[in-house]
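Going down the list, the protein sequences come from chains A and B. Each residue of the first sequence is one higher than the one before, starting from 4 at the first, in this note's numbering. Each residue of the second sequence is one higher than the one before, starting from 4 at the first, in this note's numbering. Just so you know, even glycine gets a beta-carbon here, dropped at the ideal spot from N, CA and C.
There are 2 protein chains.
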Amino acid sequence: MHESLLAHFRRYISINDHEEKIICKHVTYRVVNNKEYILKEGQVCHANYFIVKGCFRMYLSTNTGTEQIIQFGIDNWWITDYTSLEMQKPSIYTIQAVENSEILVIDKRIQEELFSTIPQLERYFRIILQRIHSAYLMRIHYIYNMSGEERYNHFNGMFPEFVQRVPQYMLASYLGFTPEFLSKIRARKS
Amino acid sequence: MHESLLAHFRRYISINDHEEKIICKHVTYRVVNNKEYILKEGQVCHANYFIVKGCFRMYLSTNTGTEQIIQFGIDNWWITDYTSLEMQKPSIYTIQAVENSEILVIDKRIQEELFSTIPQLERYFRIILQRIHSAYLMRIHYIYNMSGEERYNHFNGMFPEFVQRVPQYMLASYLGFTPEFLSKIRARKS
DNA sequence: TTCCGTTCTTGAACAAGATTAAGTTTTTTG
DNA sequence: CAAAAAACTTAATCTTGTTCAAGAACGGAA
């Protein structure tokens, strides 16, 4: 199951067999069942997580006491709180599995070691983060320039399988409106 | 004026005198006056821009014909379209000076060369991008969980000098509401 | 200084989506 | 299988922010 991680690396950088072995030796596999947490608000985040299979949500609690989902992570995505990880400060986020999942864990210390033994990994994460950043610029554009209904339809068109995978109230939170409103949208379509 | 760039590098990585000289040799200084463009919608972005002094806006045109400001860049920030730069595809964004500004230009080819001669630079950009990403997660949280008025007050509290620097209609666009509404907010405060 | 273009303000009518509070369906668990 | 918990729906009312349209103020250039 390290293969999916290596494949992802290979998509952006070239690494040799020796380096692959080093990586596999230092990365640890972990099963995370539905509703289990890999990071809780207030804890210091100590690892970067590569999702081999499954689905996670990252959320924070608002001042009105509700949970605001900021991002989802699925197969072949990284998920972590970079601020907490880098500064070793308590996180404001909670990361929870929303399906039975399998992840690969790269501990902070290990990751720093890997960066110095395989500098190409810095490049890999730089490229990954560039892509994430571009996606976030678009996300803000969508939030500002589409109605809730348009945003739901757009998301539905882009990731139809994903919409089936998570409860509707989570999708509503991620898309920035209430579950009641999502119900209304769906009612309109039939 | 290369000093501000080197100082920014030194904040995140350590580089020696020799490397600093290489960087200075390859980075070009440029004055960009108010309302001048460094990237226009449809063009391929061919450089990464470090703002030494001044202010830029990055926007795209919406289907209703208006300009949606996605981000600002000020002193000591990088601005570019990473998607267009990396893939060498036409950009959907326009980047325009909103003050008389001074920038340092790192051409794509030059940047790639610098990455291979000074691998630490990959690390620098990785860290920068991590920070940007964290900021964007918070930005989405603010957009979803604060009213327009709260968002304006919050932004005003965080960057009071900046609010004075740009026209109100640009600020309104960046914060995701109409100039008319911003006027109304300001009227309420007095 | 005057003129012109740009930016900012005000107000009325309207739309998108939140809130509240039931009620219904689905899923989980003992 | 029954009961409880979790997820989803519906509808009435209320808020936030938009749109449109007009006018006022400001800033820069001739």
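List the whole-angstrom C-beta distance separating residue i from residue j, where the pair is believed to meet the contact cut-off of C-beta under 8 Å.
i: Phe59 (chain B); j: Ala100 (chain B); result: 5 Å
i: Ile194 (chain B); j: Gln123 (chain B); result: Outside the shown range of chain B, which is 4 to 193, sits residue 194 (chain B), and nothing can be said about it.
i: Ile188 (chain A); j: Glu164 (chain A); result: With 8 Å as the limit, Ile188 (chain A) and Glu164 (chain A) do not qualify as a contact, their Cβ atoms being about 19 Å apart.
i: Ser104 (chain B); j: Val35 (chain B); result: 5 Å
i: Ile82 (chain A); j: Tyr62 (chain A); result: No, Ile82 (chain A) and Tyr62 (chain A) are not in contact; Cβ-Cβ is about 12 Å, not under 8 Å.
i: Ser87 (chain A); j: Val47 (chain A); result: 6 Å
i: Leu42 (chain A); j: Ile98 (chain A); result: 4 Å
i: Gln71 (chain A); j: His144 (chain B); result: 6 Å
i: Asn108 (chain B); j: Val30 (chain B); result: Looking at the sequence itself, residue 108 (chain B) is Val, so the reference to Asn does not match. So it is a contact: roughly 7 Å between Cβ atoms.
i: Glu102 (chain B); j: Arg168 (chain B); result: 7 Å
List the residues of chain A that residue i touches, going by C-beta distances under 8 Å, in chain order.
i: Glu125 (chain B); result: Pro122, Glu125, Arg126 and Arg129
i: Tyr155 (chain B); result: Neighbours of Tyr155 (chain B) on chain A: none; closest Cβ ~15 Å, over 8 Å.
Please classify residue i as buried or exposed, where buried requires at least 16 neighbouring CB atoms within 10 angstroms.
i: Gly57 (chain B); result: buried
i: Asp84 (chain A); result: buried
i: Ser94 (chain B); result: buried
i: His136 (chain A); result: buried
i: Arg126 (chain A); result: buried
i: Gly76 (chain A); result: buried
i: Ala10 (chain A); result: exposed
i: Tyr32 (chain B); result: exposed
i: Ala175 (chain B); result: buried
i: Phe162 (chain A); result: exposed
i: Ala50 (chain A); result: buried
i: Tyr177 (chain A); result: buried
i: Gly40 (chain A); result: The sequence given here places Tyr at residue 40 (chain A); Gly does not occur at that position. So Tyr40 (chain A) ends up on the exposed side.
i: Arg13 (chain A); result: exposed
What did DSSP end up calling residue i once you bin it into helix, strand or coil?
i: Thr69 (chain B); result: coil
i: Lys92 (chain A); result: coil
i: Ser87 (chain B); result: helix
i: Asp20 (chain A); result: helix
i: Ile54 (chain B); result: strand
i: Ile41 (chain B); result: strand
i: Ile25 (chain A); result: helix
i: Gln114 (chain B); result: helix
i: Glu105 (chain B); result: strand
i: Ile77 (chain A); result: strand
i: Ile121 (chain A); result: coil
For residue i, return the contacting residues in chain B, with the cut-off set at a CB-CB distance below 7 Å.
i: Asn51 (chain A); result: Chain B residues near Asn51 (chain A): none, gap ~10 Å exceeds 7 Å.
i: Ile135 (chain A); result: His136
i: Thr86 (chain A); result: Ser137
i: Leu132 (chain A); result: Arg129, Leu132, Gln133 and His136
i: Gly179 (chain A); result: Tyr147
i: Glu42 (chain A); result: Note that residue 42 (chain A) is Leu in the sequence shown here, rather than Glu. Near Leu42 (chain A) there are no residues of chain B at all, since even the closest Cβ is about 13 Å away, more than 7 Å.
Let me check you understand the geometry: is the CB of residue i closer than 7 Å to at least one non-hydrogen atom of the ligand GDP?
i: Ile95 (chain B); result: As far as ligands go, the structure on display features none, and thus does not contain the ligand GDP.
Find the residues of chain B that neighbour residue i, judging by a C-beta separation of less than 8 Å, and give them in chain order.
i: Leu63 (chain A); result: His144
i: Glu164 (chain A); result: The contacting residues do not exist; Glu164 (chain A) stays about 23 Å from chain B at best.
i: Ile73 (chain A); result: Leu140, Ile143 and His144
Going along chain B, which residues have a C-beta under 9 Å from residue i?
i: Gln91 (chain A); result: Ordered by position in chain B, no residue passes the 9 Å Cβ test against Gln91 (chain A), which lies about 14 Å from the chain.
In chain order, each alpha helix (DSSP H) run of at least 4 residues that lies wholly inside the segment 132-192 of chain B: DSSP runs (the alpha helix (DSSP H)) wholly in the segment 132-192 of chain B: 151-161, 163-168, 171-178 and 182-191.
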